[in-house]
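**Q** In UniProt numbering, the protein residues as written are 1 to 56.
Cβ coordinates follow ideal geometry from the N, Cα and C atoms, glycine included.
Source: prediction; values computed, not measured.
After the structure tokens below, expect a handful of questions from me.
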Amino acid sequence: MKWQIAKQPWISRFGAKITLDSILNNKQITLWVAFDSMPENEWRNFSQLLMQYPDI
Numbered sequence: 001m002k003w004q005i006a007k008q009p010w011i012s013r014f015g016a017k018i019t020l021d022s023i024l025n026n027k028q029i030t031l032w033v034a035f036d037s038m039p040e041n042e043w044r045n046f047s048q049l050l051m052q053y054p055d056i
């Protein structure tokens, strides 16, 4: 399936909440990404990328 970000991601120091819409149907999901699920430098890059929404 292909997904697109539906609205501004919510980012805290503990993780990020990303709401996604399916491109193929009307499904919507919420994805939680925990801060401790990746190395610190990857989290920093990931959260900086999310802060660029909607330009990403």
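Please state the DSSP three-state secondary structure of S12.
**A** For the purposes of this step, residue 12 is identified with residue 12 of the sequence shown, where counting begins at 1. Correct three-state label for S12: coil.
**Q** At which residues does the alpha helix (DSSP H) containing Q52 begin and terminate?
**A** As a working note, residue 52 is residue 52 in the sequence shown. Element bounds for Q52: n/a, residue is neither H nor E.
**Q** Looking at the secondary structure, which residues open and close the beta strand (DSSP E) in which L24 lies?
**A** Along the sequence shown, read from residue 1 onward, the residue named residue 24 stands at position 24. Run containing L24: none; DSSP gives neither H nor E here.
**Q** Less than 9 Å separating the beta-carbons of V33 and A6?
**A** Against the sequence shown, residue 33 aligns to sequence position 33. Against the sequence shown, residue 6 aligns to sequence position 6. In this structure, A6 does not lie closer than 9 Å to V33 by Cβ.
**Q** What residues match up with W43 in a beta bridge as DSSP calls it?
**A** On the sequence shown, residue 43 is found 43 positions in, with the first residue counted as 1. Answer by DSSP bridge pairing: none, since W43 is not bridged.
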